[in-house]
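Residues 203 to 542 (our numbering) make up the sequence shown, in order.
This report refers to the structure that appears directly beneath it.
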Amino acid sequence: MIKILENVSLKEKNTFAVESIAKYYTEILNENQLLSLLETNAFQSSRKYFLGGGSNTLFLGDFDGIVIHLVNKGIKFIENNKYFAILDVEAGVGWHNFVEITLRNKLFGLENLALIPGTVGGAITQNIGAYGAELKDFIVDVRGVDIRSGRFITFQANDCKFGYRTSIFKSDLKGKFIITSSKLKLQKKPNVNLSYPELRKIVKKFPFIKPDPKYIFEQVVKLRQSKLPDLIKYPNAGSFFKNPIVNEGIYSRLKKEFPDVPAFEVTNGLYKIPAGWLIEKAGWKGKRIGNVGTYEKHSLVIINYGVKTGLEVLDFAKLIQKDVYEKFGISLENEVEIVN
Ligand code: EPU
Numbered sequence: 203m204i205k206i207l208e209n210v211s212l213k214e215k216n217t218f219a220v221e222s223i224a225k226y227y228t229e230i231l232n233e234n235q236l237l238s239l240l241e242t243n244a245f246q247s248s249r250k251y252f253l254g255g256g257s258n259t260l261f262l263g264d265f266d267g268i269v270i271h272l273v274n275k276g277i278k279f280i281e282n283n284k285y286f287a288i289l290d291v292e293a294g295v296g297w298h299n300f301v302e303i304t305l306r307n308k309l310f311g312l313e314n315l316a317l318i319p320g321t322v323g324g325a326i327t328q329n330i331g332a333y334g335a336e337l338k339d340f341i342v343d344v345r346g347v348d349i350r351s352g353r354f355i356t357f358q359a360n361d362c363k364f365g366y367r368t369s370i371f372k373s374d375l376k377g378k379f380i381i382t383s384s385k386l387k388l389q390k391k392p393n394v395n396l397s398y399p400e401l402r403k404i405v406k407k408f409p410f411i412k413p414d415p416k417y418i419f420e421q422v423v424k425l426r427q428s429k430l431p432d433l434i435k436y437p438n439a440g441s442f443f444k445n446p447i448v449n450e451g452i453y454s455r456l457k458k459e460f461p462d463v464p465a466f467e468v469t470n471g472l473y474k475i476p477a478g479w480l481i482e483k484a485g486w487k488g489k490r491i492g493n494v495g496t497y498e499k500h501s502l503v504i505i506n507y508g509v510k511t512g513l514e515v516l517d518f519a520k521l522i523q524k525d526v527y528e529k530f531g532i533s534l535e536n537e538v539e540i541v542n
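See below:
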């Protein structure tokens, strides 16, 4: 049996803490419940939104449809040998909690992705990345249900079209497929990933400490806490925009005008420019208009200081986009999922 509630407030279910009333709302504990849901009238006749941890979502107003919240939380071993383990993890498991569990079991690889809010399902959908690691590199496959046929499908990692903060689940299959679980492969050998310059700097500062995955985990947690605002005190959804990727021409024009512009070469001739830098340079760091503002320590994060609706947050974001475009000729793309 599944319960579908009506007129449910989503305020406590999104980290931006904006008010939004969902016409229908349901929580799904397992695959059988999901199949029953597909047959209901409320599901078939409504717009749908699949909610994970609500940490990357901005509701602009009330949602005139059904919000499906996956709360399935199983984790099991599929394989466990001397070198690696494969875990099957359900979509509703909290991401950070999962990272902690893997480390406690001496399974390594996810430590650079510590403290990212949200659920496993959300993490896969947008291929989370931080401090030199990306989730896609640990995924074996992703299972879920095609909502039109009601059939379960397993996608191998190679078929998931993973890219920078994107996947097939966020593009071609958006609204058509619900992720229910995924298999992840983790290593037993405690190699550490120090490819992110900031992390490398910390490790170099204390040469007498030999960095193991637990140490990296702790440093990433500290780094995030020092840079990103507390979600409870300052409701936000992490980076509001993606870091833009520009061609050589734009990069050299920018570099001529601003020799200090940071950039990371992504592939030949394409450069990722930190959106945070562009926004700060445009004068928006720590700037507040009414009840919305950017974080004083990181301008890529937009904070809700008490807006009436999410629309106010979006209006503020648009001002930033316009200004950055006018100053640098670069368009910032939303990283946060906008729901109206
Ligand atoms: N910077 C500034 N001013 C700012 C903020 C950043 O100049 O106000 C510049 C600095 O040069 C800094 C560089 O931007 O060195 C990069 O900043 P940071 O290391 O904080 O990373 P980011 O590019 O802003 C990305 C992810 C984060 C992730 C960090 C760490 C995106 C959109 N964001 O941010 O992910 O935690 O790298 O790897 O790719 C998220 O997706 O919500 C998120 C927080």
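Just so it is clear, CB atoms sit at the ideal spot from N, CA and C, and this is done for glycine as well.
Note on geometry: alpha-carbon atoms of GLN421 and TYR507 lie some 29 Å from one another. Here the alpha carbons of ARG249 and LEU236 stand approximately 16 Å from one another.
Sequence-distant Cβ neighbours of LEU480 in its own chain, meaning closer than 7 Å and more than five residues away, are VAL526, PHE530, ILE532. For ASN438, the closest C-alpha among the options GLY512, ASN395, ILE355 is that of GLY512. For ASN445, the CB falls within less than 7 Å of some heavy atom of ligand 1. When the alpha-carbon of LYS416 is set against those of ALA287, LYS406, ASN393, LYS429, the nearest one is in ASN393.
DSSP, read as helix, strand or coil, puts VAL301 in helix. Just measuring C-alpha positions, the residue of TYR366, ASN232, ILE355 sitting nearest PHE379 is ILE355. In this structure, VAL347 keeps its C-beta atom at 8 Å or more from the C-beta atom of LYS385.
Of the residues GLU208, SER441, PHE340, SER247, the one whose Cα lies closest to the Cα of GLU537 is SER441. One Cα belongs to LEU456, the other to GLY331, and the distance between them is close to 26 Å. The C-alpha of GLY471 is placed about 9 Å away from the C-alpha of GLY451.
At a cut-off of 7 Å, the beta-carbon of LYS487 counts as near ligand 1: some heavy atom of the ligand is closer than that. Per DSSP, ARG402 is not a residue of any beta strand (DSSP E); the alpha helix (DSSP H) it occupies stretches across 399–407. Take the alpha-carbon of GLY352 and the one of ASP361: they are about 20 Å apart.
The DSSP-derived three-state label of VAL448 is strand. Set against 7 Å, the gap from the CB of PRO431 to the closest heavy atom of ligand 1 is not smaller.
Considering only GLU482, LYS391, ASN493, LEU516, the residue with the shortest C-alpha distance to HIS500 is GLU482.
Distance from PRO446 to ALA477 at the Cβ level is roughly 6 Å; contact confirmed, criterion being Cβ atoms closer than 8 Å. Residues GLN389, LYS390, LYS391 of the same chain have their beta carbon placed closer than 8 Å to that of TYR285, with the five preceding and five following residues left out of the count.
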